[in-house]
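Count along the sequence shown from 1, add 26, and you get the number used in our numbering.
Input: a single structure, listed below in structure tokens.
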Amino acid sequence: MNKEILLAENSKHALHNDNIIAITNRHLCSRPFMEQLKRVCKLHPHAIVLREKDMPEAEYLTLARDVIALCKEYDVQCMLHSFINVAMELEHPYIHLPLPILEAYAKKDISGNISTGMSKNTDNYQQFFKVIGTSVHSVEDAIRAEQLGATYMTAGHIFATDCKKGLPPRGLDFLKNVCDAVGIPVYAIGGINIPRLSEVMECGAAGGCIMSGMMRV
């Protein structure tokens, strides 16, 4: 069985167990981005997080519209990342926010003192969004995220990864402590691949996030 077929079979199994989130990074792709995302959708991960946060907001909005349509075609949940007003503009109630952004919106008062540059009102973001993810790097972060209304979180980085060169991984003990501290799903991130999923799930994680493995499949 070749590597691509093996990955497909493993990913289909992962969908059943609800334990893989694909994280995008268009800079890692060797083929056109939408073509790559179609390949990922065919593997049926639990979700795709559209993490192109270095894009201008207007460009991200255009991309997000196309990616949401693609994910719907393959029945894969699409999580937009950081651009909360893009999600509101597209009436897409699935968002992943870095913890500082989540905290900022939680503190936003009724007059709308915090703005991301678009006209949509986000005062009632917790009522609008069905799923709110966030990223945590400590047990304290995790507890705070749950208090702020996050419905799942990513915790890391767990293993050594090129994305965090020079930074020591937090490891499996850290992951277990986070999982024990909260009552919402925790997905491990950082150096995760399919063989390591069982390790992180033994710590109580709901699964793992895979970036390079999904952007280069």
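All residues carry an ideal CB built from backbone N, CA and C; glycine is no exception.
Quick one: Cα of M237 to Cα of A207, how far? Here residue 237 is taken as the residue at index 211 of the sequence shown, counted from 1. Here residue 207 is taken as the residue at index 181 of the sequence shown, counted from 1. Computed Cα separation, rounded: 26 Å.
Indicate whether the contact test is met: 3 or more Cβ pairs, each with one atom in the segment 193–213 and one in the segment 162–182, closer than 8 Å. Taking 8 Å as the limit for Cβ pairs, the verdict is that the segment 162–182 does touch the segment 193–213.
I'd like to know whether the C-beta atoms of E128 and T160 end up nearer to each other than 8 Å. Locating residue 128 in the sequence shown gives position 102, where the first residue counts as 1. Locating residue 160 in the sequence shown gives position 134, where the first residue counts as 1. Note on identity: in this sequence residue 128 is Leu, with Glu being the wrong assignment. Their beta carbons are under 8 Å apart, which means L128 touches T160 by this criterion.
Would S224 be called buried (16 or more neighbouring beta carbons within 10 Å of its own) or exposed? For the purposes of this step, residue 224 is identified with residue 198 of the sequence shown, where counting begins at 1. Around the beta carbon of S224, fewer than 16 other beta carbons sit within 10 angstroms, so the residue counts as exposed.
Judging by CA-CA distance, which residue of V66, C189, F155 and C235 is the nearest neighbour of V112? Looking up residue 112 in the sequence shown gives position 86. The option with the nearest alpha carbon to V112 is F155.
Can you give me the C-alpha to C-alpha distance between L76 and V93, rounded to a whole angstrom? Taking the sequence shown and counting its residues from 1, one reaches residue 76 at position 50. Taking the sequence shown and counting its residues from 1, one reaches residue 93 at position 67. Their Cα atoms are separated by approximately 8 Å.
Spatially closest choice to D171 from A48, P195, P126 and T187, by CA coordinates: Position 145 of the sequence shown holds residue 171. Just to set this straight, residue 171 is Ala in the shown sequence, not Asp. Nearest C-alpha to A171: P126.
Using three-state DSSP, classify P58 as helix, strand or coil. Stepping through the sequence shown from its first residue, residue 58 is reached at position 32. Assigned with DSSP and collapsed to three states, P58 falls in coil, not helix or strand.
Could you give the distance in angstroms between the alpha-carbon of H72 and the alpha-carbon of N45? The residue you call residue 72 lines up with position 46 of the sequence shown. The residue you call residue 45 lines up with position 19 of the sequence shown. Whole-angstrom Cα-Cα distance: 7 Å.
I believe L54 touches M241 by the beta-carbon criterion, under 8 Å. Please report the beta-carbon distance rounded to the nearest angstrom. Here residue 54 refers to the residue found at position 28 when the sequence shown is read from its first residue. Here residue 241 refers to the residue found at position 215 when the sequence shown is read from its first residue. About 4 Å separates the two Cβ atoms, so the contact holds.
How about H163 and G217: do their beta carbons lie closer than 8 Å? As a working mapping, residue 163 is identified with position 137 in the sequence shown. As a working mapping, residue 217 is identified with position 191 in the sequence shown. Cβ atoms of H163 and G217: not closer than 8 Å.
Taking Q103 as the reference, give the member of L63, T88 and F109 with the closest Cα. As a first step, residue 103 is located in the sequence shown; it is residue number 77 there, counting from the start. Measuring from the Cα of Q103, the nearest candidate turns out to be L63.
Comparing C-alpha positions only, which one of L87, G192, C189 and A181 sits nearest to V226? The count along the sequence shown starts at 1 and reaches residue 226 at position 200. Looking at the Cα atoms, A181 is the closest of the given residues.
Among the candidates D101, P194, E99 and L106, whose CA atom is the shortest distance from the CA of L89? On the sequence shown, position 63 is the one that residue 89 refers to. Selected option, being the one with the closest Cα: L106.
Please report how far the alpha carbon of L193 lies from the alpha carbon of A186, in whole angstroms. As a working mapping, residue 193 is identified with position 167 in the sequence shown. As a working mapping, residue 186 is identified with position 160 in the sequence shown. Going by C-alpha positions, L193 is about 8 Å away from A186.
Pick helix, strand or coil for G175, following the three-state DSSP scheme. Within the sequence shown, residue 175 is the residue found at index 149, counting from 1. Under the three-state reduction of DSSP output, G175 falls in the coil class, being neither helix nor strand.
Apart from the five residues on each side of it in sequence, which residues of its chain come closer than 6 Å, Cβ to Cβ, to Y131? Position 105 of the sequence shown, counted from the start, is the residue given in the question as residue 131. A distance below 6 Å between beta-carbons, with the five flanking residues on each side excluded, links Y131 to the following residues of its chain, in chain order: Y151.
From C235 to N219, what distance separates their C-alpha atoms? If you number the sequence shown from 1, residue 235 lands on position 209. If you number the sequence shown from 1, residue 219 lands on position 193. If you take the alpha carbons of C235 and N219, they lie about 8 Å apart.
In this structure, does DSSP put V165 in helix, strand or coil? Here residue 165 corresponds to residue number 139 of the sequence shown, with the count starting at 1. In the structure shown, the three-state DSSP call for V165 is helix.
If you measure between the beta carbons of S108 and K79, is that distance less than 8 Å? The residue you call residue 108 lines up with position 82 of the sequence shown. The residue you call residue 79 lines up with position 53 of the sequence shown. Taking 8 Å as the Cβ cut-off, S108 and K79 qualify as a contacting pair.
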